[in-house]
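Going by my numbering, the sequence shown opens with residue 30, and the numbers climb by one from there.
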Amino acid sequence: MWNNPAEQDNQQKSGSRLILPALYDCKSLSLSRPQPQRDQALKLNELFLSLQGNNIARIPLAIRNTMGHLTSRHMEVSHWQALIYESIRRVEREVACVEQVKEMAEHCLQERQLYSQLLSDCVALSSSLCSAGLRQDQVFIKLKKEEQLNNESREVLQKQIALLLEKLSSLKTIRSRLQVDFQDKMEAIKLTTRCITFEVETPCSYFPAGPIKPIHVNYDKWLSHCQCLKLTADNLVKDSSSCRGNLQFLIANIRNTNERQRCSTGECLRRKIHELTKFNDNLKMDRQRVKHEISDLTKDAQRVANHIQNCDSRLHQTSHLLDILNQRPRLELCLDHPHNYFTLERQDLVTMAAGLQSVLQRSQQNLGMACKHLTFIEDKLARNTEILEVAKRCQSLHQSFRLAVNTAVVLSNRPRLCGAGQSSSPLTDLQ
Numbered sequence: 030m031w032n033n034p035a036e037q038d039n040q041q042k043s044g045s046r047l048i049l050p051a052l053y054d055c056k057s058l059s060l061s062r063p064q065p066q067r068d069q070a071l072k073l074n075e076l077f078l079s080l081q082g083n084n085i086a087r088i089p090l091a092i093r094n095t096m097g098h099l100t101s102r103h104m105e106v107s108h109w110q111a112l113i114y115e116s117i118r119r120v121e122r123e124v125a126c127v128e129q130v131k132e133m134a135e136h137c138l139q140e141r142q143l144y145s146q147l148l149s150d151c152v153a154l155s156s157s158l159c160s161a162g163l164r165q166d167q168v169f170i171k172l173k174k175e176e177q178l179n180n181e182s183r184e185v186l187q188k189q190i191a192l193l194l195e196k197l198s199s200l201k202t203i204r205s206r207l208q209v210d211f212q213d214k215m216e217a218i219k220l221t222t223r224c225i226t227f228e229v230e231t232p233c234s235y236f237p238a239g240p241i242k243p244i245h246v247n248y249d250k251w252l253s254h255c256q257c258l259k260l261t262a263d264n265l266v267k268d269s270s271s272c273r274g275n276l277q278f279l280i281a282n283i284r285n286t287n288e289r290q291r292c293s294t295g296e297c298l299r300r301k302i303h304e305l306t307k308f309n310d311n312l313k314m315d316r317q318r319v320k321h322e323i324s325d326l327t328k329d330a331q332r333v334a335n336h337i338q339n340c341d342s343r344l345h346q347t348s349h350l351l352d353i354l355n356q357r358p359r360l361e362l363c364l365d366h367p368h369n370y371f372t373l374e375r376q377d378l379v380t381m382a383a384g385l386q387s388v389l390q391r392s393q394q395n396l397g398m399a400c401k402h403l404t405f406i407e408d409k410l411a412r413n414t415e416i417l418e419v420a421k422r423c424q425s426l427h428q429s430f431r432l433a434v435n436t437a438v439v440l441s442n443r444p445r446l447c448g449a450g451q452s453s454s455p456l457t458d459l460q
């Protein structure tokens, strides 16, 4: 009738055994749907007995593998943080390269703008010779072509620099977004690490965790944000790298094209200066020859004039002697030989003086024509010398761009051109 005390103790223990409620997984919590009976019938009693008096509050932690999910989340966020960090480095390298190319392009644009001023002055110098009929000269045509090419290069560079600045702004914007996202992930990793290493027994475990942020995003949105941010950064870097390469090629092409045209213009200037110098030398030789001719004609005219003067003096003397001879009295005044020869001599002197006078007149005419020819040559030589000086100034100004070190050196070589209402003389323009 009486039960064994040990058996009664076992019955009491079995009747007071703790039965834990069924736990639900995350999917059931999010969808709020009842799980099948076989999923709810967890063997918590056996788990409870296996703990042998340990804290039963850790049972859900063990069943749900919360620490495993925290560790997995920590690794995933760290992985994306590393990817974002690499994207930041790529963007920063691209920003540095873009800024370097931008400085190169701005320097090239500054060169084109400075060279445009020099070309305008060269064209103005060349066009100032229009009165000499040189407006369609090859030098003028080459300078105009080079000026047009330089202006086109400036416009293209300005457009490309504006496009590059847009790329640079986009890169800096995405870099800021990447840095913010990197900091957010760093903070998330710290908080996740704090959760993993959290100890209940420590005094700081009772401190408040901080303000709660109730706005959550789902995992797919977070993952899409990370992927989209990285993809956007990669696409911007790729697009910027392509634009940067195109601009570098454009700058090299512009410099090569403008340098070829500059060399062509310089060669044309050298040929023109050589032709003008040779023409000047010929004019100087002609001037010297005409001067010798004028000197000879002057000497001839002077010699003829001396002959005429001697003839006149002899004619006067002969006439005077004949007059004296004609004063003989009565029958002594006869046509004897002295009278006849004085008369013939006077006639010869008159004829000779008339002939010499004609020769003197022709000599004076030739001398006048030679003097006019000399004046023409000197005028032509003076004008050609002016043209030569203008061409040399134009060549010096055109070469100053290549020889210049900075802007001040180049601008110091620029001529001060006269206004529209002033004289258009080339030498006046060059002073």
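Even glycine gets a Cβ: it sits at the ideal position worked out from N, Cα and C.
For residue 204 and residue 132, believed in contact at Cβ under 8 angstroms, the rounded distance: Their Cβ separation, rounded to whole angstroms, is 19 angstroms, which puts residue 132 and residue 204 out of contact at 8 angstroms.
query: Ends of the alpha helix (DSSP H) at residue 308?
result: Segment 248-354, the alpha helix (DSSP H) holding residue 308.
field: Nearest residue (CA-CA) to residue 293, options 167, 341, 147
entry: Minimum Cα distance to residue 293 is reached at 167.
message: So, under 8 angstroms CB-CB, residue 211 and residue 139 are touching, yes? Tell me the CB distance rounded to an integer number of Å.
response: Not confirmed; about 37 angstroms, so no contact.
Nearest candidate by alpha-carbon position, reference residue 337, set 385, 303, 380: For the residues 385, 303, 380, the minimum Cα distance to residue 337 belongs to 385.
Close beta carbons around residue 409, own chain, < 8 angstroms, minus the five adjacent residues each side: Annotation for residue 409: 312 place their beta carbon closer than 8 angstroms to its own, counting only its chain and skipping 5 residues before and after.
query: Among residues of its own chain, excluding the 5 on either side of residue 265, which ones have a beta-carbon nearer than 7 angstroms to its beta-carbon?
result: Here the set comprises 199, 200, 203.
- request: For residue 424, collect the residues of the same chain with a Cβ closer than 8 angstroms to its Cβ; drop the 5 residues on either side in sequence, then sort them by chain order.
  value: Cβ neighbours of residue 424 beyond the five flanking positions: 295, 298, 299, 302.
field: Contacts around residue 333, its chain only, beta-carbon distance under 8 angstroms, and the 5 residues preceding and following it disregarded
entry: Only 385, 388, 389, 392 meet the Cβ criterion.
- prompt: For residue 137, which of 258, 280, 371 has the nearest alpha-carbon?
  reply: Comparing alpha carbon positions, the residue from 258, 280, 371 closest to residue 137 is 280.
- prompt: Around the C-beta of residue 175, are 16 or more other C-beta atoms found within 10 angstroms, so that it is buried, or is it exposed?
  reply: Buried: at least 16 other Cβ atoms inside 10 Å.
Beta-carbon proximity check, residue 134 vs residue 189, cutoff 8 angstroms: The answer is yes: Cβ separation under 8 angstroms.
task: Give the DSSP-derived three-state secondary structure of residue 244 in the structure shown.
output: Note: residue 244 maps to coil in three-state DSSP.
- request: Report buried or exposed for residue 383, applying the criterion of at least 16 other Cβ atoms within 10 angstroms of its Cβ.
  value: Flag for residue 383 reads exposed.
task: Out of 283, 411, 320, point me to the one whose CA is closest to residue 463's CA.
output: What is shown of the chain runs 30 to 460, which leaves residue 463 out entirely.
The alpha helix (DSSP H) enclosing residue 141, as first and last residue numbers: Counting along the chain, the unbroken alpha helix (DSSP H) around residue 141 starts and ends at 95-156.
- prompt: How would you write the range of the alpha helix (DSSP H) that residue 169 sits in, first residue to last?
  reply: Counting along the chain, the alpha helix (DSSP H) containing residue 169 begins and ends at 167-225.
- prompt: Rounded to a whole number of angstroms, what is the C-alpha to C-alpha distance between residue 341 and residue 403?
  reply: In this model, residue 341 and residue 403 are separated by some 33 angstroms (Cα to Cα).
message: Among 209, 119, 275, 306, whose alpha-carbon lies nearest the alpha-carbon of residue 14?
response: There is no way to answer for residue 14, as the model of the chain reaches only from 30 to 460.
query: Excluding five sequence neighbours on each side, which residues of the same chain lie with their C-beta closer than 8 angstroms to the C-beta of residue 102?
result: Contacts found: 221.
task: Specify the secondary structure class of residue 367 as computed by DSSP and reduced to three states.
output: If DSSP states are grouped into helix, strand and coil, residue 367 belongs with the helices.
message: Going by DSSP in three states, residue 360 sits in which element: helix, strand or coil?
response: Helix, per DSSP.
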